[in-house]
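Numbering (this note's numbering), first residue to last: 6 to 736. Beta carbons are placed, not taken as given, at the ideal position from N, Cα and C, and that holds for glycine. Model, not experiment: these values are computed from the prediction.
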């Protein structure tokens with residue numbers, strides 16, 4: 006990429022960001038847009054008057070910086086706070102590394118003149134600021150070798166401190182929070198066949214009351230309630246339709262027509278075919294019909310569709326934590342227990358899948374992911390190759406007259422490769438989330454972590470390696486065909502050349518990506534359209550502006566890609582470090598603002614994502630170290646073996662961190678559980694019945710009692726056991 010194209014893309018991305026930031030400042034002041042720019046506060050019954058007085062387009066930055074970590078946790082949860090710790094950790098690594106690398110390595114590279122002396126090489130000014138401008142076997146390479154160690158140890162320092170901080174934050178948040186249903190519950194899977202003369206409920210109750218006679222409270226056997234859920238969803242649909250019809254009918258009443266016009270609809274396909282009926286009467290009749298049908302199906306489900314899994318509730322937090330970490334049976338494939346997920350994130354169909362089935366599914370899913378990674382690399386490599394202008398003219402000759410126009414050439418070179426890559430990658434996340442659910446994972450947060458891992462592996466192989474290696478192979482295919490032994494040197498020499506592509510890719514991500522995130526133009530437009538043409542009831546209006554959560558499944562891997570890119574090129578082309586600092590600095594500010602005002606947590610895992618973030622940053626560090634070893638080899642530097650210990654040190658560091666901290670994320674430590682109990686000692690004991698009822702699926706709650714507390718009626722007792730008669734205790 007020519008310098009003019011790089012500057013064009015950078016300046017234009019900067020201008021886009023400034024425009025989007027000004028739009029945000031203007032649009033967010035309008036009270037009509039409050040639900041788009043402050044939905045988190047609106048949902049909590051707050052308003053923007055609770056925020057510091059805003060003045061000017063940059064006031065959001067002051068508000069974001071001045072907020073404490075406690076404010077973040079209170080508004081968006083621990084998971085959002087941990088994501089911000091991840092961003093600040095990456096930022097710290099790059100800032101401290103860059104303070105040494107940029108002022109030292111750029112002059113060393115610029116003054117060696119290797120590229121200018123090589124008459125066959127094509128290069129630009131940016132290449133002269135990279136290791137490509139260092140001669141083979143040059144003593145100057147010592148500066149780059151020492152810098153490789155510097156980046157590694159800076160990363161170790163920040164990652165250790167971050168792991169320790171997140172561990173303390175997680176423990177403190179759980180200790181200070183109110184007691185939640187998952188704090189006193191256990192998920193039990195792989196329950197053996199029911200003995201003769203017992204029901205599944207009696208089997209579970211007998212087993213756990215025998216093991217935990219003083220702390221077992223009650224159990225709920227998991228059922229196959231898919232049919233009940235279908236009926237419930239249909240019932241809820243008619244309730245929504247009825248509410249909408251009543252609003253339409255009310256709005257039709259005017260002084261000229263006080264009786265109004267009752268809405269009508271057809272009962273056939275999509276309301277376009279079939280008999281025309283009065284919508285209100287029709288919905289009321291369907292609601293009565295479906296209510297009776299649902300109650301009958303609930304009884305059938307609870308009595309006849311019990312599965313081999315259960316939720317077991319204890320009368321104390323320490324008891325539930327201890328039970329979750331205990332081996333319940335002699336064999337490892339029976340009575341498997343784990344901490345219960347939050348009720349709102351449980352994936353019910355996955356709970357009853359047996360351990361061997363889950364293992365087979367996991368192997369099959371990762372086989373599909375492997376094939377996806379491999380076959381996606383082909384089109385991504387082609388995209389990378391074809392979107393270079395030389396190849397575009399070569400393989401699509403009819404484009405040459407257009408491409409040779411100066412302005413068009415600069416624009417295409419500045420934008421085409423990055424945009425093509427981002428659009429192509431946008432197709433993948435939902436597919437990986439679906440695959441992760443198919444593994445049999447019991448909770449949504451775990452699915453997100455699993456999908457995030459798959460997406461990380463995908464983008465590393467297909468974006469980082471695909472762009473670097475694929476583009477070089479495509480460009481040099483004929484030379485490699487003539488001399489296969491030149492493959493390694495050609496790939497090594499391609500690394501600095503790819504740095505310019507990644508500079509613009511990173512700039513596009515933080516300027517345009519974060520600008521769109523801050524301005525929320527797309528959510529604003531969608532909300533306005535829905536509000537005008539689709540929404541009639543308050544429920545529909547709320548659904549139109551509900552923002553959801555941060556979207557960790559795609560956001561974290563994309564950030565990890567930037568970490569990997571910037572680390573791998575930090576020493577080879579140090580100019581990329583300021584761009585990495587801008588990316589994580591702007592992202593930290595933008596998402597701090599979004600966590601305080603926009604996003605609403607769909608679940609709370611208390612930072613369970615952090616060990617996965619930590620592990621993948623270390624994976625990026627190993628890729629960086631191996632890249633440097635390979636590139637020093639291409640430079641024929643005799644002292645390259647000095648770098649060999651670095652990957653080994655990284656593996657040792659990962660093992661030490663895992664041994665010290667990970668257990669506290671896998672399970673709730675008993676000292677934390679005891680702290681929870683102590684924090685609530687002397688307070689009113691939470692209602693165990695209400696905590697238990699939180700796990701009952703909505704489709705199994707009788708329609709006539711959904712607004713009341715959970716009803717312990719006799720006909721609903723086949724899967725829901727009676728509470729054990731003893732005084733409850735959380736100590």
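| message | Which residues does DSSP list as the beta-bridge partners of residue 757? | response | This structure gives no information on residue 757, because the portion of the chain shown stretches from 6 to 736.
| task | Note the first and the last residue of the continuous beta strand (DSSP E) segment covering residue 319. | result | Your numbering for residue 319 matches position 314 in the chain shown. Taken as a continuous stretch (DSSP letters only), the beta strand (DSSP E) holding residue 319 covers 311-319.
| task | Go ahead and pull the three-state DSSP assignment for residue 126. | result | Taking the first residue of the chain shown as position 1, residue 126 is located at position 121. Low local confidence applies: a pLDDT of 48 at residue 126 is under 50, so the model's placement there is unreliable, and no value is given.
| task | Measure the alpha-carbon distance for residue 106 versus residue 610 and round it to whole angstroms. | result | Walking along the chain shown from the start, residue 106 turns up at place 101. Walking along the chain shown from the start, residue 610 turns up at place 605. So the two alpha carbons sit approximately 38 Å from each other.
| said: Just verifying my parser: in three-state terms, what is the DSSP assignment at residue 225? | reply: Working through the chain shown from its first residue, we reach residue 225 at position 220. Looking at residue 225 - three-state DSSP - the assignment turns out to be strand.
| message | What does the alpha-carbon distance come out to for the pair residue 244 and residue 51? | response | Counting from 1 along the chain shown, the entry for residue 244 is found at position 239. Counting from 1 along the chain shown, the entry for residue 51 is found at position 46. The straight-line gap from Cα to Cα measures roughly 29 Å.
| Nearest-angstrom Cβ-Cβ length linking residue 454 and residue 613, presumed shorter than 8 Å | Against the chain shown, residue 454 aligns to sequence position 449. Against the chain shown, residue 613 aligns to sequence position 608. Here residue 454 really is in contact with residue 613; their C-beta atoms are around 7 Å apart, less than 8 Å.
| Do you know how far the Cα of residue 513 is from the Cα of residue 15? | Within the chain shown, residue 15 is the residue found at index 10, counting from 1. Within the chain shown, residue 513 is the residue found at index 508, counting from 1. C-alpha separation (whole angstroms): 8 Å.
| For the segment 157-224, which segments carrying the beta strand (DSSP E) assignment without a break, of at least 3 residues, lie completely within its bounds, in sequence order? | Within the segment 157-224, the complete beta strand (DSSP E) runs of at least 3 residues are 190-194.
| message | Would residue 525 and residue 69 be called neighbours here (beta carbons separated by less than 8 Å)? | response | Position 520 of the chain shown, counting from 1, holds the residue named residue 525. Position 64 of the chain shown, counting from 1, holds the residue named residue 69. The answer is no: Cβ separation not under 8 Å.
| CA nearest to the CA of residue 38, picked from 99, 531, 237 | Taking the chain shown and counting its residues from 1, the one referred to as residue 38 is at position 33. Out of 99, 531, 237, 531 has the C-alpha closest to the C-alpha of residue 38.
| message | Output needed for residue 87: all residues of its chain with C-beta closer than 6 Å, excluding positions within five of it in sequence on either side, in chain order. | response | Walking along the chain shown from the start, residue 87 turns up at place 82. Closer than 6 Å at Cβ, skipping near neighbours: 171, 612, 615.
| request: Under the assumption that residue 504 contacts residue 578 (Cβ atoms under 8 Å), give the Cβ distance between them as a whole number of angstroms. | output: Locating residue 504 in the chain shown gives position 499, where the first residue counts as 1. Locating residue 578 in the chain shown gives position 573, where the first residue counts as 1. With a Cβ gap of about 4 Å, residue 504 and residue 578 count as contacting.
| query | Does DSSP classify residue 103 as helix, strand or coil? | reply | Translated into positions along the chain shown, residue 103 becomes position 98. The answer is helix: DSSP assigns residue 103 an H, G or I state.
| query | What are the start and end residues of the alpha helix (DSSP H) that includes residue 563? | reply | Counting from one through the chain shown, the residue named residue 563 turns up at place 558. Start and end: 557-575.
| Start and end of the alpha helix (DSSP H) containing residue 598? | Numbered from its first residue, the chain shown carries residue 598 at position 593. Run containing residue 598: 581-602, per the alpha helix (DSSP H) assignment.
| task | Would you kindly work out how many angstroms separate the C-alpha atoms of residue 679 and residue 528, rounded to a whole number? | result | Taking the first residue of the chain shown as position 1, residue 679 is located at position 674. Taking the first residue of the chain shown as position 1, residue 528 is located at position 523. Approximately 43 Å between the Cα atoms of the pair.
| Is there contact here, the segment 262-280 with the segment 302-314, by at least three beta-carbon pairs under 8 Å? | no
| residue 224: which of 352, 436, 241, 204 sits nearest, CA to CA? | As a first step, residue 224 is located in the chain shown; it is residue number 219 there, counting from the start. Taking only the C-alpha atoms, the option nearest residue 224 is 204.
| Helix, strand or coil at residue 331 according to DSSP, with G and I counted as helix | Looking up residue 331 in the chain shown gives position 326. DSSP places residue 331 in coil when its eight states are reduced to three.
| request: Could you spell out the range, first to last residue, of the alpha helix (DSSP H) harbouring residue 239? | output: As a first step, residue 239 must be located in the chain shown, where it is residue number 234. Element bounds for residue 239: 231-256.
| Any 3 or more C-beta pairs closer than 8 Å across the segment 618-635 and the segment 567-587 | yes
| query | Going by other Cβ atoms of all chains shown within 10 Å of its Cβ, with 16 needed for buried, is residue 31 buried or exposed? | reply | Here residue 31 refers to the residue found at position 26 of the chain shown. Exposed.
| Identified DSSP bridge partners for residue 269 | Taking the first residue of the chain shown as position 1, residue 269 is located at position 264. According to DSSP, residue 269 bridges with 283.
| query | In this structure, does DSSP put residue 351 in helix, strand or coil? | reply | In the chain shown, the residue the question calls residue 351 occupies position 346. The three-state secondary structure of residue 351, taken from DSSP, is strand.
| query | What span of residues does the alpha helix (DSSP H) with residue 435 cover, start to end? | reply | Locating residue 435 in the chain shown gives position 430, counting from the first residue. Segment 434-443, the alpha helix (DSSP H) holding residue 435.
| Supposed contact pair residue 448 and residue 351 - C-beta distance, whole angstroms, cut 8 Å | Walking along the chain shown from the start, residue 351 turns up at place 346. Walking along the chain shown from the start, residue 448 turns up at place 443. The pair is a contact, with the Cβ atoms about 6 Å apart (cut-off 8 Å).
| said: With three or more beta-carbon pairs closer than 8 Å as the criterion, would you say the segment 280-293 touches the segment 312-329? | reply: no
| Would you say residue 310 and residue 210 are within 8 Å of each other, going by their C-beta atoms? | Counting from one through the chain shown, the residue named residue 310 turns up at place 305. Counting from one through the chain shown, the residue named residue 210 turns up at place 205. No, they are not a contact pair.
| query | How about residue 357 and residue 312: do their beta carbons lie closer than 8 Å? | reply | Within the chain shown, residue 357 is the residue found at index 352, counting from 1. Within the chain shown, residue 312 is the residue found at index 307, counting from 1. Yes, the Cβ-Cβ distance between residue 357 and residue 312 is below 8 Å.
| said: If I measure Cβ to Cβ from residue 444 and keep anything under 7 Å in the same chain, skipping five residues before and after, which residues do I get? | reply: Residue mapping note: residue 444 aligns to position 439 of the chain shown, counting from 1. Cβ neighbours of residue 444 beyond the five flanking positions: 363, 366, 367, 370, 455.
| Residues near residue 538 by beta carbon distance below 6 Å, same chain, minus five either side | As a first step, residue 538 is located in the chain shown; it is residue number 533 there, counting from the start. Counting only Cβ-Cβ distances below 6 Å, and skipping sequence neighbours, we find nothing.
| Distance, Cα to Cα, residue 659 vs residue 140? | Here residue 659 is taken as the residue at index 654 of the chain shown, counted from 1. Here residue 140 is taken as the residue at index 135 of the chain shown, counted from 1. Rounded to the nearest angstrom, the two C-alpha atoms are 35 Å apart.
| message | Can you tell me whether residue 273 is buried or exposed? The criterion is at least 16 other CB atoms within 10 Å of its CB, across all chains shown. | response | What you label residue 273 is simply residue 268 of the chain shown in a count that begins at 1. The residue in question, residue 273, is exposed, as its Cβ has fewer than 16 Cβ neighbours within 10 Å.
| message | Please state the DSSP three-state secondary structure of residue 35. | response | For the purposes of this step, residue 35 is taken as the residue at position 30 of the chain shown. Per DSSP, reduced to three states, the secondary structure at residue 35 is coil, with no helix or strand assignment.
| message | Can you look up residue 450 in the DSSP assignment and give me helix, strand or coil? | response | Within the chain shown, numbered from 1, the residue matching residue 450 stands at position 445. Residue 450 falls in the helix class under three-state DSSP.
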